[in-house]
Amino acid sequence: MSQRHYFNAPEGEGEIKTHSYELDGLKLQLKTSAGIFAKRGFDEGSRLLLKAIKTAADEQPDWQPDKILDLGCGNGVLGLFMAKFWPEAEISLVDLSPRAVELARMNCQGEKNLQVFEADGLNLNSEGQMNLDEAAIDLPYFQLCVTNPPIRAGKELCYRLYAEVEKALLAGGSFYLVVRKKQGAESHRRELERLFPEVERVLRDRGYQVFRAHKPLLAEGE
Numbered sequence: 063m064s065q066r067h068y069f070n071a072p073e074g075e076g077e078i079k080t081h082s083y084e085l086d087g088l089k090l091q092l093k094t095s096a097g098i099f100a101k102r103g104f105d106e107g108s109r110l111l112l113k114a115i116k117t118a119a120d121e122q123p124d125w126q127p128d129k130i131l132d133l134g135c136g137n138g139v140l141g142l143f144m145a146k147f148w149p150e151a152e153i154s155l156v157d158l159s160p161r162a163v164e165l166a167r168m169n170c171q172g173e174k175n176l177q178v179f180e181a182d183g184l185n186l187n188s189e190g191q192m193n194l195d196e197a198a199i200d201l202p203y204f205q206l207c208v209t210n211p212p213i214r215a216g217k218e219l220c221y222r223l224y225a226e227v228e229k230a231l232l233a234g235g236s237f238y239l240v241v242r243k244k245q246g247a248e249s250h251r252r253e254l255e256r257l258f259p260e261v262e263r264v265l266r267d268r269g270y271q272v273f274r275a276h277k278p279l280l281a282e283g284e
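Convert by adding 62 to the 1-based position in the sequence shown; the result is the number in the numbering used here.
Printed below as a string of structure tokens:
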């Protein structure tokens with residue numbers, strides 16, 4: 063199957079509509095269109111993923127990630143909510159679909175700390191650097207990475223993205239993702255455990271499971 067399914071958007075224009083997204087009293091009115099994931103508001107997986115991230119933010123008020131990655135951002139809903147949790151954070155939103163990128167840029171207009179990039183994953187180069195808009199960024203770089211992964215595109219693509227996130231995540235950082243049980247949540251968990259020293263299931267509801275993979279701080283002298 064084409065990797066373009068990762069971003070759930072055909073190349074056609076589609077009518078732009080506005081839908082409401084709400085979580086625990088926070089509400090956003092965002093533009094979306096046909097072919098964009100969660101085009102009529104939150105899909106259940108993204109809602110639970112965001113709920114898990116907000117819980118972490120509420121329970122760890124001293125944890126203030128400076129740099130956040132939303133991988134496969136769609137219309138930007140996850141990144142925009144995270145900007146509410148951490149207003150000072152620099153948030154990078156990445157998607158391959160030109161339509162998703164267009165909508166995310168519309169929704170992020172005026173948000174000085176959010177940047178939207180059109181890219182296939184992190185476009186890692188031979189030096190292990192992240193290439194977004196022709197800027198080579200040394201890795202690791204992010205304290206928090208988030209994705210609602212492209213399950214229908216196949217495990218090979220999902221696992222490649224997880225490996226890219228592992229390279230991009232700073233020591234002390236966390237990676238959150240959501241997978242449905244019937245879509246192989248346990249096999250995705252095993253792949254995370256292969257890549258990260260600490261993996262836990264932080265939320266489970268209605269067949270969805272949210273995992274947090276953590277890269278611990280290096281011991282002094284390492």
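Glycine included, C-beta positions come from ideal geometry on N, C-alpha and C. Quick caveat, the model's predicted, so the values are computed rather than measured.
Nearest neighbour of residue i, chosen from the options [CA to CA]
{"i": "Lys-277", "options": "Gly-172, Gln-245, Tyr-238 and Leu-92", "result": "Tyr-238"}
{"i": "Val-227", "options": "Phe-147, Glu-260 and Gly-183", "result": "Gly-183"}
{"i": "Phe-104", "options": "Ser-82, Val-163 and Gly-76", "result": "Ser-82"}
{"i": "Thr-80", "options": "Glu-106, Asp-120, Lys-93 and Ser-236", "result": "Lys-93"}
{"i": "Glu-173", "options": "Gly-76, Gly-190, Glu-164 and Pro-149", "result": "Pro-149"}
{"i": "Ser-236", "options": "Glu-106, Asp-128 and Glu-196", "result": "Asp-128"}
Short Cβ contact (7 Å threshold) for residue i with residue j
{"i": "Gly-234", "j": "Leu-206", "result": "no"}
{"i": "Asn-137", "j": "Glu-152", "result": "no"}
{"i": "Ala-166", "j": "Cys-135", "result": "yes"}
{"i": "Ala-247", "j": "Val-261", "result": "no"}
{"i": "Ser-154", "j": "Gln-122", "result": "no"}
{"i": "Ala-162", "j": "Ile-78", "result": "no"}
{"i": "Arg-133", "j": "Val-156", "result": "At residue 133 the sequence reads Leu, which differs from the Arg that was named. Yes; because the gap between Cβ atoms is below 7 Å, this pair is in contact."}
{"i": "Lys-243", "j": "Gly-216", "result": "no"}
{"i": "Leu-85", "j": "Lys-146", "result": "no"}
Cut-off 7 Å between Cβ atoms - residues of its own chain near residue i, not counting five sequence neighbours on either side
{"i": "Ala-230", "result": "Leu-131, Leu-184, Met-192, Leu-201, Pro-202, Tyr-203, Phe-204 and Cys-207"}
{"i": "Asp-267", "result": "Leu-110"}
{"i": "Ala-114", "result": "Tyr-238, Val-264, Leu-265 and Val-272"}
{"i": "Tyr-224", "result": "Glu-253, Leu-254 and Leu-257"}
{"i": "Lys-116", "result": "Leu-85, Asp-86 and Phe-147"}
{"i": "Leu-112", "result": "Leu-85, Leu-140 and Phe-143"}
{"i": "Glu-106", "result": "Arg-268 and Tyr-270"}
Distance between beta carbons of residue j and residue i, contact taken as under 8 Å
{"i": "Leu-90", "j": "Leu-142", "result": "6 Å"}
Contacting residues, own chain, Cβ-Cβ under 6 Å from residue i (five flanking each side not counted)
{"i": "Leu-194", "result": "Phe-179 and Ala-181"}
{"i": "His-250", "result": "Val-241"}
{"i": "Met-168", "result": "Lys-93"}
{"i": "Leu-232", "result": "Pro-202 and Gln-205"}
{"i": "Ala-198", "result": "Gln-191"}
{"i": "Glu-73", "result": "Note that Glu-73 scores a pLDDT of 48, beneath 50, so its modelled location is shaky and nothing firm can be said."}
Contacts around residue i, its chain only, beta-carbon distance under 8 Å, and the 5 residues preceding and following it disregarded
{"i": "Gln-245", "result": "Ile-213"}
{"i": "Arg-222", "result": "Gly-183"}
{"i": "Gln-126", "result": "Trp-148, Glu-150 and Ala-151"}
{"i": "Pro-259", "result": "His-276, Lys-277 and Pro-278"}
Min CB distance residue i to chain C below 7 Å
{"i": "Ser-154", "result": "No chain C is present in this structure, which holds just one protein chain."}
Inset, instruction - Pick out the complete beta strand (DSSP E) segments inside the region 125-170, 3 residues or longer, and give them in chain order. - result: 129-133 and 152-157
Inset, instruction - Scan the region 162-243 and note each continuous alpha helix (DSSP H) run of 4 residues or more that stays entirely inside, going in chain order. - result: 217-230
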